[in-house]
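This report refers to the structure that appears directly beneath it.
Here is the structure:
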């Protein structure tokens, strides 16, 4: 720690900016979660005595939202499976690619920067031309491009646990490339694989723009929610938004806590 | 045994090329074709009609306006993100640092649509901020410009893309040799001098990477404008949707092409100047 960073006003200023950053990210959605427990129609913070699950119970009757949720869960599962598999291969390739590494990293990352609407539109005209009708698979194709860079980075990070010496030792003992992968690398990066799967799942579940041109008859959840949000938002949408937001937070928190406890084990 | 690097890369390379890049290249080619009203499609005759149409109906100003919004968003994100990254790297204990990194990681995987939507509850006429302003007595009437305005869009964009700036900044700070900061101090430099002459130059790759990430993501965004913008508010992606409503393919393709060239051009230049990929090598928690 550098002493000149220890001046009090400076520290206060730095922490204040950090707090502002976190507040911008978290206050509105958490306020929405709180509002979702208010049985009144007018959005406001509920009094403690008023807290109710009215809107959560009402969710059960929202047929369109429920079938959209099912579609999104299907797409998210497929996206996450394929993204995790491809990301694992890409990360293993990265380790072997030597001077091509940086270029390979950039290549896998690039689709993340393509605006969702443009990616979705371009895919939809291509699919249309080759006669592929929009269905869950076409949506998953676009979500894959969005999730893959994140899954790749996560697995690549977890590769730090695989020391070169482990692989050399395994190889000295006669392990083939495949045996090294199955007996050394995969067990060490398992937390990374789980994290990549959950992150990809969430990215797909919450992705809105890419699906716009690619859905078939059945909307994805974000598209269905977007419609509801802009047609005189009934408070059930607060309940749904709130639950999706909290579920996403819990899933990420689980991944991060698991990574931390695994980290500790490795260090011991 | 020789390791199969290129073979392992093959499936991903094919998928990214076929699903990611080939469609974009096809769109680029098709943006020069001619619109055929008989088939509601295009035919392979060279035409610049799509590009000429960009210059009409204020479309150009929507593109520039979007880039302007993206620039403002990226600047604000760096201004908030830099101190936040300093807090994580220089000030926080190991425990707090991990907590902060977790808090900045979570938003990547929550819905940006829900987060943009939730600003309506905060900025609206009956929202959190107007309620508070009136309770305290700063205003008598709720402020109308808070929501469905450029202000709201910019706030929403900063909230959505702030996490993208934090990690490049933390990574670049991790690469600063602490002894350099100590040396600057031993030579009598105060905080600001050390900050300006040592820390800032050594972290410029992180600043640029963070700025670029936010800029590119914000320039391509649609949700924040759709949720929080006024009636006339537009953004490149929203404009493409509007053009597609009247199935004007060449124009939609031309806009997409122009935008992709601008964004990928910036990423290419950034990578050449600052070696952005090197920032991520050896990333650890």
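Chains as they are written, first to last, in the UniProt record's numbering: chain P, 1 to 268; chain L, 1 to 285.
Beta carbons: idealized from backbone N, C-alpha and C, even for Gly.
In this structure, P:263 is the residue among P:263, P:34, P:18 and P:79 with its C-alpha nearest to the C-alpha of residue 190 of chain P. Under the three-state reduction of DSSP output, residue 138 of chain L falls in the coil class, being neither helix nor strand. For residue 35 of chain L, the pairing in a beta bridge is given by DSSP as L:42. Taking C-beta atoms under 8 Å as the contact rule, residue 199 of chain P and residue 140 of chain P fail to qualify, at a distance of about 16 Å.
Taking 8 Å as the cut-off between beta carbons, the residues of the stretch 25-41 of chain P near chain L are 25, 26, 27, 28, 29, 31, 32 and 35, in sequence order. If you ignore the 5 residues before and after residue 165 of chain P, its C-beta comes within less than 7 Å of no other C-beta in its own chain. For the stretch 84-112 of chain P, the beta-carbon criterion of a distance under 7 Å to any beta-carbon of chain L is satisfied by 86, 89, 90, 92, 93, 96, 97, 102, 104, 105, 106, 107, 108 and 111. Residue-level contact by beta carbon fails for residue 231 of chain P and chain L, as no gap is shorter than 7 Å.
In the DSSP assignment, residue 102 of chain L falls within the alpha helix (DSSP H) that extends over 94-105.
Counting C-beta atoms within 10 angstroms of its own C-beta, residue 40 of chain L has fewer than 16 neighbours from the protein chains shown and is therefore classed as exposed. Excluding residues up to 5 positions away in sequence, 194, 198 and 199 lie with their Cβ nearer than 8 Å to the Cβ of residue 181 of chain L in the same chain. The Cβ of residue 252 of chain P sits closer than 7 Å to at least one Cβ of chain L.
With a contact defined as Cβ atoms closer than 8 Å, residue 228 of chain L and residue 132 of chain L miss out at about 19 Å.
Looking at L:136, L:152 and L:135, the one whose alpha-carbon comes closest to that of residue 124 of chain L is L:152. Look at residue 23 of chain P: its C-beta is not under 7 Å from any C-beta on chain L. Counting other Cβ atoms within 10 Å of its Cβ, residue 240 of chain P reaches 16 or more and is therefore classed as buried. In the three-state reduction of the DSSP assignment, residue 82 of chain L falls in the helix class. Between the stretch 42-49 of chain L and the stretch 246-266 of chain L there are three or more inter-stretch CB-CB distances shorter than 8 Å, so the stretches are counted as touching. CA-to-CA, the gap between residue 97 of chain L and residue 40 of chain P works out to about 40 Å. Pairing residue 268 of chain L with residue 113 of chain P, the inter-Cα distance amounts to about 12 Å. Not a single C-beta of chain L is nearer than 7 Å to the C-beta of residue 66 of chain P.
Residues 69, 73, 218, 221 and 224 of the same chain have their beta carbon placed closer than 7 Å to that of residue 157 of chain L, with the five preceding and five following residues left out of the count.
Residue-level contact check: residue 5 of chain L touches chain P, since one or more beta carbons of chain P fall below 7 Å from its beta carbon. One alpha carbon belongs to residue 58 of chain P, the other to residue 218 of chain P, and they sit about 22 Å apart. Around the CB of residue 47 of chain P, fewer than 16 other CB atoms lie within 10 Å, so the residue is classed as exposed. At a beta-carbon threshold of 7 Å, none of the residues of chain L lie near residue 159 of chain P; the nearest stands roughly 10 Å away. Contact check for residue 108 of chain L against residue 168 of chain L fails: the beta carbons are separated by 7 Å or more.
Interface annotation for the stretch 113-125 of chain L against chain P: 113, 114, 115, 117, 118, 119, 121 and 122, criterion Cβ-Cβ distance under 7 Å. Taking a beta-carbon distance threshold of 7 Å, residue 118 of chain P counts as an interface residue toward chain L. Taking the Cα positions, residue 239 of chain L is about 27 Å away from residue 270 of chain L. Rounded to whole angstroms, residue 144 of chain P and residue 28 of chain L show a C-alpha spacing of 22 Å. The straight-line gap separating the alpha-carbon atoms of residue 126 of chain L and residue 134 of chain L is approximately 10 Å. The alpha-carbon separation between residue 122 of chain L and residue 43 of chain P amounts to approximately 10 Å. Using a Cβ-Cβ cut-off of 7 Å, residue 271 of chain L is close to 106 of chain P, given in chain order. Nearest to residue 15 of chain P by C-alpha distance, out of L:88, L:116, L:211 and L:264, is L:88. Residues 70 and 74 of the same chain have their beta carbon placed closer than 6 Å to that of residue 215 of chain L, with the five preceding and five following residues left out of the count.
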